[in-house]
Every structure is written in structure tokens, then in C-alpha cells.
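Position in the sequence shown (from 1) plus 671 gives the number in our numbering. For glycine and all other residues, C-beta sits at the position ideal for the given N, C-alpha and C. Remember, it's a predicted structure, so these values are computed and weren't measured experimentally. Here is the structure we will look at.
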Amino acid sequence: MVPDTREWRTSTQYDFMDEVDANNLAWECLRRSPLYQKDFLASVGSAKQPHEVARISSGWGLRFPCAAQPNRSPTKRLLDG
């Protein structure tokens with residue numbers, strides 16, 4: 672990814688932001704970060720060094736180290752939702 676910063680401040684380019692979900696909003700903010708851009712470029716150069724890619728990814732919350740857990744209340748009957 673090479674960031675294209677030419678039109679970041681053009682409001683008409685971002686009218687869609689009124690409709691985006693949380694994931695896309697987070698990406699729009701993250702991709703503008705100079706620190707993220709620096710880490711991304713470092714990760715591209717270190718593709719053969721998985722520990723470095725993992726360090727960068729986890730630092731930005733781009734990987735989830737734990738398995739997902741259900742987020743619901745236990746029920747007494749099998750077919751209760």
C-alpha cells in the first residue's frame with residue numbers, strides 16, 4: 672500500500688464518510704497516520720521476518736491474539752436464543 676495523499680483534504684472525496692461503518696471509519700483514520708505508514712512500509716520490507724510483521728500488526732491492533740468467545744447469556748433450554 673502506497674498512500675495517495677493528494678486528495679485527503681478534499682471534502683467532496685469524503686462524502687461517503689457519512690455512511691461508513693465503524694471498521695471503514697477506523698481504516699480511514701488509520702491509513703492517514705504517519706506512524707502507521709512508517710510501520711506498514713517496514714512490514715513490507717520484512718515479509719521474510721514474521722516476528723517483525725507480527726510486532727507491527729499487534730501494535731496497531733490488526734491481529735487478534737485470542738480466539739473469539741461467544742457474547743451471550745447462557746440459557747436453560749437448548750433451543751432458547
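Are the beta-carbon atoms belonging to residue i and residue j less than 8 angstroms from one another?
{"i": "Glu723", "j": "Ser714", "result": "yes"}
What is the DSSP secondary structure of residue i, counted as helix, strand or coil?
{"i": "Asp704", "result": "First, the amino acid is wrong: residue 704 is Ser here, not Asp. It is coil, neither helix nor strand."}
{"i": "Gly732", "result": "coil"}
{"i": "Thr676", "result": "coil"}
In whole angstroms, what is the alpha-carbon distance linking residue i and residue j?
{"i": "Asp675", "j": "Gln684", "result": "12 angstroms"}
{"i": "Glu690", "j": "Ser682", "result": "14 angstroms"}
{"i": "Gly716", "j": "Asp692", "result": "31 angstroms"}
{"i": "Asp686", "j": "Arg680", "result": "12 angstroms"}
{"i": "Pro721", "j": "Ile727", "result": "10 angstroms"}
{"i": "Leu758", "j": "Gln708", "result": "The chain is shown only over 672 to 752; residue 758 falls outside these bounds and no answer can be derived."}
For residue i, which option in the options has the closest C-alpha, if you only look at C-alpha atoms?
{"i": "Arg677", "options": "Ala693, Arg703 and Leu733", "result": "Arg703"}
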